[in-house]
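Residue numbers (our numbering): 10 to 177. Note that CB positions come from ideal geometry on N, CA and C, so glycine has one too.
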């Protein structure tokens with residue numbers, strides 16, 4: 010797994026100078042260039058939740074290139090730049106609703122309204138159990154609305170729902 014932070018707070022996620030999280034380095038003997046590595050954008054302000062998500066992918070044996078946005082403004086800026094560039098799109102977006110600066114719902118509205126991004130599978134990972142949040146996300150066409158797990162075991166169970174979306 011490779012990790013790229015979209016903020017100046019790489020150290021908050023336990024990353025070394027090369028930008029890679031120590032837990033996300035993977036097996037150096039694997040010829041990474043020979044396989045297609047899925048790109049996952051995590052939009053989450055809680056570093057612990059980011060680490061738990063990455064650990065779940067790693068534990069499940071998935072090699073993933075992660076990009077992390079730590080707040081809504083950071084995510085929106087990245088997505089706007091991405092929409093205007095020829096760079097590869099994320100294969101999956103994991104989005105928290107309760108973000109600082111710009112809400113996850115506003116980010117989701119932008120994603121679904123931008124032709125270059127609208128088709129990217131998007132999974133809501135949130136602590137919100139509010140019916141209005143679920144209904145709004147359903148109207149905007151999310152691929153899944155999942156309540157955040159509290160433990161690695163719960164996250165691994167949740168991966169059973171996320172992995173097929175990534176593998177489409």
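Q: Report buried or exposed for residue 132, applying the criterion of at least 16 other Cβ atoms within 10 angstroms of its Cβ.
A: buried
(Q) Quick check: the stretch 91-105 against the stretch 41-61, are at least 3 beta-carbon pairs closer than 8 angstroms? (A) Verdict: yes, contact present.
Q) Does the separation of the CB atoms of residue 92 and residue 126 fall below 8 angstroms? A) yes
(Q) I'd like to know if the stretch 78-92 and the stretch 153-160 are in contact, where contact means that at least 3 CB-CB pairs between them fall below 8 angstroms. (A) no
Q: Determine the DSSP secondary structure at residue 114, reduced to helix, strand or coil.
A: helix
Q.
If you reduce the DSSP assignment to three classes, tell me which class residue 79 lands in.
A. coil
Q. Helix or strand or just coil, what does DSSP make of residue 135?
A. strand
Q. Rounded to a whole number of angstroms, what is the C-alpha to C-alpha distance between residue 67 and residue 75?
A. 11 angstroms
Q: Count the other C-beta atoms from every protein chain shown that fall within 10 angstroms of the C-beta of residue 128, then say buried if there are 16 or more, exposed otherwise.
A: exposed
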